[in-house]
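K.L.:
Numbering (my numbering), first residue to last: 41 to 602.
1. Taking the DSSP output, what are the residues bridged to residue 577?
2. Suppose the cutoff is 7 Å on Cβ atoms and the five residues either side in sequence are ignored; what does the same chain contact list for residue 324 look like?
3. Report the residue from 235, 452 and 52 whose alpha carbon sits nearest the alpha carbon of residue 79.
4. Closest to residue 341 by C-alpha separation, out of 425, 455, 252 and 569, would be which residue?
5. In angstroms, rounded to a whole number, what distance separates the CA positions of residue 258 and residue 362?
6. Tell whether a beta-carbon distance below 9 Å holds between residue 309 and residue 374.
7. Put residue 496 into one of helix, strand or coil per three-state DSSP.
8. Indicate whether residue 241 and residue 443 have their beta-carbon atoms separated by less than 9 Å.
9. Hey, residue 138 and residue 50: beta-carbon distance below 9 Å or not?
10. What does the alpha-carbon distance come out to for the pair residue 491 and residue 184?
11. Less than 7 Å between C-beta atoms, sequence neighbours within five positions excluded: which residues of the same chain meet that for residue 629?
12. Contact between the segment 106-120 and the segment 472-487 is defined here as three or more beta-carbon pairs at a separation below 8 Å; is this criterion met?
13. Spell out a yes or no on whether the segment 225-239 and the segment 195-211 are touching, meaning 3 or more CB-CB pairs, one atom from each, closer than 8 Å.
14. Which residues in the same chain as residue 496 place their Cβ atom closer than 7 Å to its Cβ, once the five residues preceding and following it in sequence are excluded?
15. Put residue 332 into one of helix, strand or coil per three-state DSSP.
16. Let me confirm a value: residue 390 is counted as buried when at least 16 other C-beta atoms fall within 10 Å, else exposed. Which label applies?
17. Would you mind stating whether residue 432 and residue 452 have Cβ atoms separated by less than 9 Å?
18. What is the rounded straight-line gap between the Cα of residue 57 and the Cα of residue 182?
19. Once the 5 residues before and after residue 365 are set aside, which same chain residues still bring their CB inside 8 Å of it?
20. Assuming contact is defined by CB atoms lying nearer than 9 Å, are residue 191 and residue 239 in contact in what I supplied?
21. For the alpha helix (DSSP H) that residue 43 lies in, which residues bound it at each end?
22. Could you work out which residue in 121, 509, 305 and 575 is closest to residue 596 when comparing CA atoms only?
23. For the beta strand (DSSP E) containing residue 285, name the first residue and the last one.
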């Protein structure tokens, strides 16, 4: 044991977790920590808003597979982190947020910049804790990283009162931590895998639904093997995009409200559905009562609370997705269930693909979003990373931008956080500086966190932003067109700002292409120069995202045009 200040112990604890970068905004309640960070090996990336810092940590975590770290001062600094914390937690992204706090003897007095951040984040974190004395800091830091990164990953918050940072005590730095009631067992039950293997072996119309848990467990190899063994189409949730290559012949696309026609129809007609690491949320299942009631559903998930929560299953396999798939594959091989062909079911896949194919471009002076997404894919290197904002741009990206590998496509799924994509892209670039990183944005979403351009330029973390600019809050406007008799209310954004001039004001490159050829050239130059670039693409404000399942309807009730 050695005596040192809480702030010094905090930085040493970060270094012991191999933290090389953290994102944040400083302030009075974290000044002791910032002073210790000065000259340390931990790079502090200064965001221009705390929400941006939490999204950067999230993007870093998703791109690297490691825990992302962010920090803010007390009061408004802490509350500004909350949206990013909630976003990461619901999407099972491992981040740790550190917040400053007023001294212990002032807690509860409504002191300057005091908030009960523990109470505020209780429902938005996997775990949170307020340190009460300096010697608790090493254990709190170790615990936060352990909890965030194990089991179903998520967000953790540690609140650091200022006096615990300043005062000194004897410090002990634990190598391991454990908690009563937090007993991790990623190995699935053998009997559950037996039942799953038997059901899959008898399936005539199997479908695999891959969620974000496949990516978190690094289980894509097992997913490919399962698909090939069953000769089963694979659909993904939004969080599962990239778990299987878009080029794979068995890949049927995104499932859900804006899923492909073939994905939704296959799920609706499957006799056995193998769900791997997905929450079965309303955006994936549409109307729960109509979600193929005759289908036998096998649900693999490391979080037992997600199984049978929204859709009833016949077999639950609780455990790590990789270990679960490996166990089921081994059993099926022993059973001789290696199906060589599944001709009738594959013919059904081909029929659905033809029936729901994307229509040819129509005569229109604007660029069409699907064309822009396909042109972006043609122009970018295969290993480029892509984040999205939320809204129409997100669904166009999910539908028309092909992904070839895990951890290359990132989006805010469960919370649907506008403004997430751009700062998340900065975090992803910090994790993977060797590859281009692109944020596919809408003008509404980008406007919420565009001040992160300063971080891009000043911190030398160049990101390309492609704005699908319809001067509208596009998805809300689409709903108002389709379901509210075109009564546009609070969705028209006007002509301000000029995003090209805005980019230039921040020291970035701004360009507004007027054709696909000009767009591809702009992307190529941005990739070649590795420069922060905003590409403002004007699209039709009347363009809708299709396919679409109307609210309150089932997966089969697919709208393909207005």
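By construction, the Cβ of each residue, glycine as well, lies at the ideal position given by its N, Cα and C atoms.
P.N.:
By the coordinates alone:
1. Under DSSP, residue 577 takes part in a beta bridge, and its partners are 508.
2. Answer for residue 324: 277, 295, 296 and 318, listed in chain order.
3. Between residue 79 and the set 235, 452 and 52, the nearest pair of CA atoms involves 52.
4. The residue among 425, 455, 252 and 569 with its C-alpha nearest the C-alpha of residue 341 is 252.
5. Going by the C-alpha atoms only, they are around 7 Å apart.
6. In this structure, residue 374 does not lie closer than 9 Å to residue 309 by Cβ.
7. The answer is helix: DSSP assigns residue 496 an H, G or I state.
8. No; because the gap between Cβ atoms is not below 9 Å, this pair is not in contact.
9. Yes. Within cutoff.
10. Cα atoms of residue 491 and residue 184: separation of roughly 29 Å, rounded to the nearest angstrom.
11. An answer regarding residue 629 cannot be provided, because it is not within the stretch 41 to 602 covered by the chain.
12. Taking a cut-off of 8 Å for Cβ pairs, the segment 106-120 and the segment 472-487 do not touch, as fewer than three such pairs fall below it.
13. Judged by Cβ distances under 8 Å, the segment 225-239 makes no contact with the segment 195-211, as fewer than three pairs qualify.
14. Around residue 496: 466, 502, 503, 548 and 572.
15. It is coil, neither helix nor strand.
16. A residue is called buried once 16 or more other Cβ atoms fall within 10 Å of its Cβ, and residue 390, having fewer, is exposed.
17. Their beta carbons are not under 9 Å apart, which means residue 432 does not touch residue 452 by this criterion.
18. One C-alpha to the other measures close to 8 Å.
19. Hits under 8 Å: 259, 262, 263, 265, 266, 316 and 340.
20. Against a cut-off of 9 Å, the Cβ pair of residue 239 and residue 191 comes out as no contact.
21. Boundaries for residue 43: no alpha helix (DSSP H) harbours it, while the beta strand (DSSP E) harbouring it runs 42-45, taken from the DSSP string.
22. For the residues 121, 509, 305 and 575, the minimum Cα distance to residue 596 belongs to 305.
23. Going by DSSP, residue 285 is part of no beta strand (DSSP E) at all; its letter is neither H nor E.
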